[in-house]
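Okay, so the sequence shown: first residue is 637 according to my numbering, each after it adds one.
Ideal Cβ placement from N, Cα and C applies to all residues, glycine included.
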Amino acid sequence: IPLPPAETQHPILDSIDARVLAHYPLLIVEGGSKVETRLGISVNMSLFKRNVDVIMEEVEYIEEQLHHLDARTSVAAISMFVVFLLTIRTFSASRVKALGGKRVVDMHALNNTNLFKEIFMAYLQAAVLEPVLAIASMGDKLDTQEVIINVFTLGSIFSWIWLVSDAFNFDDVAQFFKFHVELREERDKDPKRFWWFRLKEKGVDAEIEKKALTGSVQKDVALWFLLACIFAAWLPGIVTHRDVLHAYVIVFLWAIMHHSCRQATSWSAGYLSTFIFPSTALMPLEYCLPLMDVADFVEDLEFVESYREFILERTGVELIIEA
């Protein structure tokens, strides 16, 4: 019996390699339950189909196990990398001791850093929409892996926006200087009258501020997650380079900004240390940026001297201004 056209062939026969069909024309007999070749070899198709089903189940099981293994490899790599950085951050005694002494601030480099911050923030604000749109475009067919990657990417971008905004916003420093230097003197003249104006002790606040300037885990983790994602993308696993494209761009932009920050001023340890712990490079800027506000903040040379004494008392840094 000649084979029917390809579009009407038996579904089991369709799975047989086309080259075999070309060399050994098949005859369908007994209602399609058996296949017999020209050479007279009979094949029980029901048994053949059961064997194919078993093989496909084994293949699917192996693929599933490999997928889970890749996922575990990626998670383990990211976890180990973050734990390693957290361990380095914990032993911060050397960075605390390094904070202090004479530190130079280059006003021209500080202005360049402030300008590049706008480029950095522009990218972060544009990138924050993509993970949201990626999750929304999935509709009812949510991919757990893609959702997790996009949620963590979104959280990392939010962390960077918070970190950069905090570093370049000196309102809290200006407020502290106004309250604890100028208004404190007036309050101390008549403490009974201004009993409602409560200020922290200078010594206690200074210790807290020094520890904050040596790095903050809540702020540094923004970079750690991106580095861990890039590290995981180079390992066999579920994370691909396309998934961490934003991580590559943000780390690249941070490398440029970090170098710019180091040129403006540096209050902590070495170059690599301030790169891995972004808060140690960025947070000192909020003490230097008020010096750029010559219209409202800086009044005269005596005021600048008073502000330098405030920085020395609160952070232990004797600021040298180059302009």
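- Of the other Cβ atoms in all chains shown, fewer than 16 fall within 10 Å of the Cβ of Ala959; this residue is therefore exposed.
- In the three-state reduction of the DSSP assignment, Val853 falls in the helix class.
- Per DSSP, the beta bridge partners of Asp742 are Glu958.
- With contacts defined by Cβ atoms closer than 8 angstroms, Val885 and Gly736 do not form a contacting pair.
- For Thr951, the uninterrupted alpha helix (DSSP H) segment begins and ends at 937-951.
- Under DSSP, Gly737 shares a beta bridge with Val953.
- Distance from Ile793 to Ala763 at the Cβ level is roughly 6 angstroms; contact confirmed, criterion being Cβ atoms closer than 8 angstroms.
- One Cα belongs to Leu746, the other to Val787, and the distance between them is close to 34 angstroms.
- Leu799 sits close to Leu918, with the two beta carbons spaced by under 8 angstroms.
- Secondary structure note for Ser902: it is in no alpha helix (DSSP H), with a DSSP letter that is neither H nor E.
- By the Cβ neighbour-count rule, Pro827 is exposed, with fewer than 16 other Cβ atoms within 10 Å of its own.
- A distance of 8 angstroms or more separates the beta carbons of Leu862 and Ala891.
- Rounded to whole angstroms, the separation of the alpha carbons of Gln811 and Glu822 is 16 angstroms.
- In its chain, beyond the 5 residues on either side, Arg725, Phe913, Pro914, Ser915 have a beta carbon closer than 7 angstroms to the beta carbon of Asp856.
- The C-alpha of Thr850 lies about 23 angstroms from the C-alpha of Ser715.
- Ranked by Cα distance from Val809, the options Glu945, Tyr923, Leu937, Leu927 are led by Tyr923.
- The C-beta of Leu835 has fewer than 16 other C-beta atoms within 10 Å across all chains shown, which makes the residue exposed.
- By alpha-carbon distance to Leu769, the top candidate from Glu818, Asp932, Thr789, Ala868 is Thr789.
- Listed in chain order, the alpha helix (DSSP H) elements of length 4 or more contained wholly in the region 779-840 are 780-803, 807-813, 820-825.
- The Cβ atoms of Val741 and Ala848 do not sit closer than 8 angstroms to each other.
- DSSP places Leu918 inside the alpha helix (DSSP H), whose first and last residues are 914-918.
- Taking the CA atoms as reference points, Arg950 sits about 48 angstroms from Thr780.
- At least 8 angstroms separates the beta-carbon of Phe815 from that of Tyr943.
- Thr876 sits in coil when the DSSP states are folded into three classes, being neither helix nor strand.
- When Phe806, Val853, Leu881, Arg898 are compared, the shortest CA-CA separation from Glu766 is found for Leu881.
- Apart from the 5 residues on each side of it in sequence, Val817 sits with its Cβ closer than 6 angstroms to the Cβ of Phe946 in its chain, given in chain order.
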